[in-house]
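Under this note's numbering, the letters of the sequence shown match residues 203 to 541, in that order.
For every residue, glycine included, the Cβ atom is placed at its ideal position computed from N, Cα and C.
All of these numbers come straight from a predicted model, not from anything done at the bench.
What follows is a set of notes on a single structure, which appears directly below.
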Amino acid sequence: MPGTVKRARVKFAGREVEFVDRVTAIGQVEELAEKGTWRPLVMYGPKGCGKTALLMQARAILEDRGYHVVYVNPLAREVGEMLQYSSALRRAVKEAFKLFPEPYARIVDVAINIAGEAMRRLGRPRLAILMDDIFQAVGVDKAEIYVKALLNLIEYPPADYDKVVVLVASSEGVTRERVGRHRWAAMRIMWNMPRDGFAQLYNILPGPKPPPEEAWRWTGGNPEVLEGLFRAGWNMDVVVDGIVGERGVAALAKRWGNVLGRVVGDPDHLWDWYPDTEPLIRGLVQANLIVEVWDRKPHLWIDVPPPERDVELGIGRHYAWQTPLHREAVRRALSEVRG
Ligand SMILES: Nc1ncnc2c1ncn2[C@@H]1O[C@H](COP(=O)(O)OP(=O)(O)OP(=O)(O)O)[C@@H](O)[C@H]1O
Ligand SMILES: [Mg+2]
203 MPGTVKRARV KFAGREVEFV DRVTAIGQVE ELAEKGTWRP LVMYGPKGCG
253 KTALLMQARA ILEDRGYHVV YVNPLAREVG EMLQYSSALR RAVKEAFKLF
303 PEPYARIVDV AINIAGEAMR RLGRPRLAIL MDDIFQAVGV DKAEIYVKAL
353 LNLIEYPPAD YDKVVVLVAS SEGVTRERVG RHRWAAMRIM WNMPRDGFAQ
403 LYNILPGPKP PPEEAWRWTG GNPEVLEGLF RAGWNMDVVV DGIVGERGVA
453 ALAKRWGNVL GRVVGDPDHL WDWYPDTEPL IRGLVQANLI VEVWDRKPHL
503 WIDVPPPERD VELGIGRHYA WQTPLHREAV RRALSEVRG
């Protein structure tokens with residue numbers, strides 16, 4: 203029963219909080235724990251939608267079901283957060299570390315080795331490998347190789363195992379294009395928080411704060427954007443400027459002027475004017491501004507998909523702005539180009 207699941211502790215806005223909502227995702231992880239994964243499950247979605255938090259929750263569920271868990275995040279801010287593992291894996295970690303002169307520089311390879319070691323040492327273990335944001339670290343061009351390595355671990359393990367679960371999280375927009383063209387992984391999209399869950403996060407934040415509807419309209423349910431707004435004293439300009447600065451938005455605005463202006467109004471114009479818009483779509487996906495959403499079939503999603511269309515939040519049937527503030531960043535870049 204999802205209701206009885208132990209909730210992980212995660213960090214949010216400078217405090218430690220209980221993982222909220224995501225009941226559907228929790229059920230999905232429980233099912234994976236039951237069956238194991240027969241190929242790596244790659245979940246990707248908007249930056250800051252809650253992938254890392256979900257992996258933390260997955261760890262709690264999997265350990266509860268008797269799994270030994272190794273989690274790796276090469277982009278973690280602190281070394282201590284780069285590699286996390288269940289206590290029974292300590293020996294395997296030690297052995298794997300011996301193989302690499304600079305383990306933290308090759309932490310993804312180290313984690314794969316830990317998994318292999320654990321299979322050899324632990325006698326038909328249940329093993330979970332949680333890979334967070336690894337593609338940016340190993341290079342997006344190597345994403346496929348690493349997914350294949352993980353598939354090999356499942357299909358040709360160095361020793362017998364009971365069950366294996368492999369989850370990979372990525373905010374890299376090109377993940378689907380690169381990894382999705384092989385049958386080596388199952389691809390799932392994760393979206394921002396649904397409204398109820400988002401309200402729970404919003405409630406954690408101390409006031410003064412804007413009304414909840416306003417927070418929803420700015421963030422579209424994205425917890426990281428909510429956190430960013432909170433830290434910026436709810437000054438939307440600070441967050442928007444951060445987005446404009448980061449991602450080559452100005453160059454896209456200059457090149458695509460009017461077309462992009464229409465896409466700000468409705469992201470589905472990307473599809474209406476396809477294939478002329480193909481290079482624009484690629485640019486927007488690579489810059490992590492939009493996501494191709496397409497089908498809303500539940501089995502293609504982690505947790506619940508966004509609504510079919512929500513013009514106010516910038517969600518179309520085929521394409522969606524990652525959040526309303528991403529769209530706002532593009533709108534501003536356009537108005538600067540136009541002068
Ligand atoms: N369900 C949740 N309950 C509590 N906190 C959450 C939840 N989802 C996300 N958060 C918090 O919101 C913030 C952003 O989420 P998180 O870092 O997990 O997103 P992400 O998708 O991994 O982002 P990135 O793409 O940058 O890696 C974090 O502080 C995280 O702990
Ligand atoms: Mg993350």
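Closer than 8 Å by C-beta to residue i: which residues in its own chain qualify, once you throw out the five before and the five after it? Chain order, please.
{"i": "residue 462", "result": "454, 455, 482, 532 and 536"}
{"i": "residue 489", "result": "375, 449, 450, 451 and 454"}
{"i": "residue 471", "result": "461, 464, 465 and 479"}
{"i": "residue 385", "result": "241"}
In its own chain, which residues sit with a C-beta less than 6 Å from the C-beta of residue i, not counting the 5 before and 5 after it?
{"i": "residue 331", "result": "272, 317 and 368"}
{"i": "residue 204", "result": "Its pLDDT being 49, under 50, residue 204 is placed unreliably in this model, and the value from its coordinates should be taken loosely. 225, 228 and 229, listed in sequence order."}
{"i": "residue 391", "result": "247 and 503"}
{"i": "residue 254", "result": "334"}
{"i": "residue 312", "result": "298, 302 and 305"}
{"i": "residue 319", "result": "294, 297 and 298"}
{"i": "residue 485", "result": "454"}
{"i": "residue 245", "result": "371, 390, 392 and 504"}
Nearer than 7 Å: is that true of the beta carbon of residue i relative to any heavy atom of ligand 4?
{"i": "residue 505", "result": "With respect to ligand 4, the structure offers nothing, as its ligand set consists of ligand 1 and ligand 2."}
Does the distance from the CB of residue i to the CB of residue j come in under 8 Å?
{"i": "residue 299", "j": "residue 308", "result": "no"}
{"i": "residue 265", "j": "residue 275", "result": "no"}
{"i": "residue 234", "j": "residue 387", "result": "no"}
{"i": "residue 208", "j": "residue 262", "result": "yes"}
{"i": "residue 192", "j": "residue 389", "result": "Beyond the ends of the chain as shown, which are 203 and 541, falls residue 192; an answer cannot be given."}
{"i": "residue 356", "j": "residue 366", "result": "yes"}
{"i": "residue 493", "j": "residue 524", "result": "yes"}
{"i": "residue 251", "j": "residue 424", "result": "yes"}
{"i": "residue 270", "j": "residue 324", "result": "yes"}
{"i": "residue 507", "j": "residue 500", "result": "yes"}
Measuring CA to CA, which of the options is closest to residue i?
{"i": "residue 327", "options": "445, 402, 275 and 268", "result": "268"}
{"i": "residue 473", "options": "459, 458 and 496", "result": "496"}
{"i": "residue 211", "options": "238, 260 and 350", "result": "260"}
{"i": "residue 337", "options": "491, 357 and 310", "result": "310"}
{"i": "residue 351", "options": "314, 220, 239 and 370", "result": "314"}
{"i": "residue 521", "options": "475, 538 and 289", "result": "475"}
{"i": "residue 249", "options": "289, 409 and 491", "result": "491"}
{"i": "residue 256", "options": "290, 285, 484 and 370", "result": "370"}
{"i": "residue 457", "options": "238, 232, 410 and 538", "result": "538"}
To the nearest whole angstrom, what separates the beta carbons of residue i and residue j, a pair I think is in contact under 8 Å?
{"i": "residue 405", "j": "residue 422", "result": "That pair is no contact at about 18 Å."}
{"i": "residue 534", "j": "residue 446", "result": "6 Å"}
{"i": "residue 510", "j": "residue 498", "result": "6 Å"}
{"i": "residue 329", "j": "residue 363", "result": "6 Å"}
{"i": "residue 438", "j": "residue 418", "result": "Going by Cβ atoms, the distance from residue 438 to residue 418 rounds to 13 Å, so no, they are not a contact pair."}
Short of 7 Å in beta carbon distance, which residues of its chain neighbour residue i, apart from the five on each side in sequence? Order them along the chain.
{"i": "residue 441", "result": "427, 430, 431, 434 and 527"}
{"i": "residue 585", "result": "The structure shown has nothing for residue 585, since the chain only spans 203 to 541."}
{"i": "residue 281", "result": "306"}
{"i": "residue 222", "result": "399, 402 and 403"}
{"i": "residue 220", "result": "209 and 211"}
{"i": "residue 291", "result": "270, 272, 316 and 320"}
With a threshold of 8 Å between beta carbons, is residue i in contact with chain C?
{"i": "residue 367", "result": "Given the protein chain composition of this structure (a single chain), no chain C is represented."}
Touching by the beta-carbon criterion (3+ pairs, under 8 Å), the stretch 461-481 and the stretch 507-520: yes
Any 3 or more C-beta pairs closer than 8 Å across the stretch 396-414 and the stretch 358-378: no
Validate contact between the stretch 427-438 and the stretch 210-226 using beta carbons, cut 8 Å, 3 pairs: yes
Any 3 or more C-beta pairs closer than 8 Å across the stretch 338-357 and the stretch 377-386: yes
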